[in-house]
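Counting from 515, one number per residue, gives the positions in the sequence shown under the working numbering.
Following: one structure in structure tokens, then a few remarks.
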Amino acid sequence: MGRMSAAVTWGMLAAWAVHDAEELATMAGWVRRARPRLERLYPGVPWERLEVSQARVNVAIGLMGGVVAGAAALGARSGGRSPAFQAVLAGFGLHGVVHVAQAVATRGYTPGVVTAPLVVIPFSAWAWRRLRRAGVVAAPGRSAAYGLAALPLTVGGVHAIAHLLTRHHDRAAESSPTDGLGRDRWF
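If you want it as structure tokens, here you go:
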């Protein structure tokens with residue numbers, strides 16, 4: 515049994531930060547810009563309902579950062595043994611695969627697809643190898659199953675909370691002037 519490096523546990527938070535910096539920079543305007551192409555590919559999807567403000571993206575990413583930071587702290591404290599840490603690590607890796615699948619399905623760029631294969635998936639694979647080498651993965655399939663189940667619930671929950679926290683701002687921004695670049699001046 516080996517010693518667990520903080521690069522595995524706190525590294526997840528660092529990898530998440532790199533990945534979510536890409537999402538922070540691209541998510542809010544992506545649906546609006548890609549919508550004509552997406553409507554041709556999948557005409558029945560209500561693409562306009564997927565548009566989100568920069569304020570909502572900021573809040574959602576901040577909330578998810580809290581989840582990932584909490585899981586990283588649990589992982590660091592437990593030497594990687596924490597089931598919550600392992601589930602979030604599994605969800606993080608699966609999240610990277612979802613980004614690549616989204617880009618394939620939409621036949622183009624989607625927010626997060628650049629860092630998914632360059633950062634998220636390689637980091638996750640490396641971290642799991644380190645956890646296995648240290649002998650701290652209690653039930654390898656169970657962590658992945660928990661991560662797979664928790665991923666849509668966590669992402670959905672974060673976005674729902676972000677919607678609740680920013681809905682008044684978003685309504686006000688619809689009627690407020692912009693900074694000339696199409697961005698509202700609130701955030």
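Backbone N, C-alpha and C fix where the C-beta goes; we use that ideal spot for every residue, glycine too.
Report the three-state DSSP secondary structure of Gly525 (helix, strand or coil). On the sequence shown, position 11 is the one that residue 525 refers to. Correct three-state label for Gly525: helix.
Suppose contacts are defined by Cβ-Cβ distances below 8 Å. Is Val593 in contact with Met526 by that definition? Here the question's residue 593 lines up with position 79 in the sequence shown. Here the question's residue 526 lines up with position 12 in the sequence shown. Correcting the residue identity first, residue 593 is Gly in this sequence and not Val. Going by C-beta atoms, Gly593 is not nearer than 8 Å to Met526.
Practice item. Kindly indicate which residue of His533, Val571, Arg595 has the alpha-carbon position closest to the one of Val650. Key: Here residue 650 refers to the residue found at position 136 when the sequence shown is read from its first residue. The option with the nearest alpha carbon to Val650 is Arg595.
- What number of angstroms, rounded off, separates the C-alpha of Val522 from the C-alpha of His677? Looking up residue 522 in the sequence shown gives position 8. Looking up residue 677 in the sequence shown gives position 163. Taking the straight line joining both Cα atoms gives about 32 Å.
Problem set entry | Sequence-distant residues of the same chain with beta carbon closer than 7 Å to Gly671, five excluded per side | Within the sequence shown, numbered from 1, the residue matching residue 671 stands at position 157. Once the five neighbours on either side are set aside, Gly671 has no close Cβ partner at all.
Along the chain, where does the alpha helix (DSSP H) that runs through Ser763 open and close? The question about residue 763 has no answer, for the chain in this structure spans 515 to 701.
So, helix, strand or coil for Gly593, using DSSP?
Residue mapping note: residue 593 aligns to position 79 of the sequence shown, counting from 1. Gly593 falls in the coil class under three-state DSSP.
Notebook entry, point to check: Do you know whose CA, among Arg546, Leu552, Gly626, lies nearest Thr620's CA?
Noted result: Counted from its first residue, the sequence shown places residue 620 at position 106. The candidate whose alpha carbon is nearest that of Thr620 is Leu552.
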